[in-house]
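Per UniProt numbering, the sequence shown starts with residue 1, numbered consecutively. All residues carry an ideal CB built from backbone N, CA and C; glycine is no exception. Written out below as structure tokens is the structure these notes cover.
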Amino acid sequence: MSRRRAIPARRGAAPWPFSAFYGEAAAAAAETRVAPLGASPETEVTEEEKGDDRWSSMLPELLGEIVRRVEIGGERWPARKDVVSFACVCRRWRDVATGVVSPPLDSGKITFPSSLKQPGPKDFAIQCFIKRNKRNSMFYLYLGLTPTFADKGKFLLAARRFRHGAHTEYIISLDADDLFQGAMHIWEN
């Protein structure tokens, strides 16, 4: 006899004695609203309908100063994630971040994925390196200065090599761990 049949189910009963009380209290709290002192409930509803939130209504000058300080704090990729996170808050923050962050042509820093499509700096080349795993014929392309910064560098793509007789196939993926059919491109040589 399985344990499910040995222990009868309490149908219609709450799993814990206090959950019924908690459900009633939570429903009552959801129905009541606390309006600010001196504000009518009608003005509160119109403010909610507008969709104005405090984060998107910050001054652009203040946002520009914040993103400049965040960008100065991160020269290499692991710290550059903060700039990308800043740009992901809302559309207004994204516009400020893309306006303040200099393109790779000027700075040589890749911040956003769209930076990979732009031309690189004229003075020096953007350096990448390939890390190879001989056991399973895997290749990993990283953006960085030296192979010692593989964990700190930015992962770009992974490839796996298959040899079939006289020709070689490479499966290329943007995910280092998962080379499944939906996220890969097959290239034959």
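Query                                                                                                                                                                                     : Result
Could you check the C-alpha separation between residue 56 and residue 127 for me, to the nearest Å?                                                                                       : 36 Å
If you draw a straight line from the C-alpha of residue 96 to the C-alpha of residue 159, how long is it?                                                                                 : 35 Å
Less than 9 Å separating the beta-carbons of residue 155 and residue 140?                                                                                                                 : yes
Using 10 angstroms around the beta-carbon of residue 71, count the other beta-carbons present and answer buried if the total reaches 16, otherwise exposed.                               : buried
Using a Cβ-Cβ cutoff of less than 8 Å, which residues in the same chain neighbour residue 94 once the five nearest sequence positions on both sides are dropped?                          : 87 and 88
Can you pull the DSSP bridge partners for residue 168?                                                                                                                                    : 163
Quick check: the Cα distance between residue 68 and residue 84, rounded to an integer number of angstroms?                                                                                : 13 Å
Please state whether DSSP places residue 63 in a helix, a strand or coil.                                                                                                                 : helix
Throw me the rounded Cβ distance for the residue 137 and residue 157 pair, which I believe falls under 8 Å.                                                                               : In fact, because the Cβ distance is near 15 Å, the residues do not count as touching under 8 Å.
Does the Cβ of residue 135 have 16 or more other Cβ atoms within 10 Å, making it buried, or fewer, making it exposed?                                                                     : exposed
Residue 132 by DSSP, collapsed to three states: which one?                                                                                                                                : strand
Is the separation between the beta-carbon of residue 92 and that of residue 63 shorter than 9 Å?                                                                                          : yes
Might you give, ordered along the chain, the residues of its own chain that have their beta carbon closer than 8 Å to the beta carbon of residue 176, omitting 5 neighbours on each side? : 140, 155 and 158
Mind checking which residues open and close the beta strand (DSSP E) that includes residue 174?                                                                                           : That residue, residue 174, is in no beta strand (DSSP E); it is neither H nor E in DSSP.
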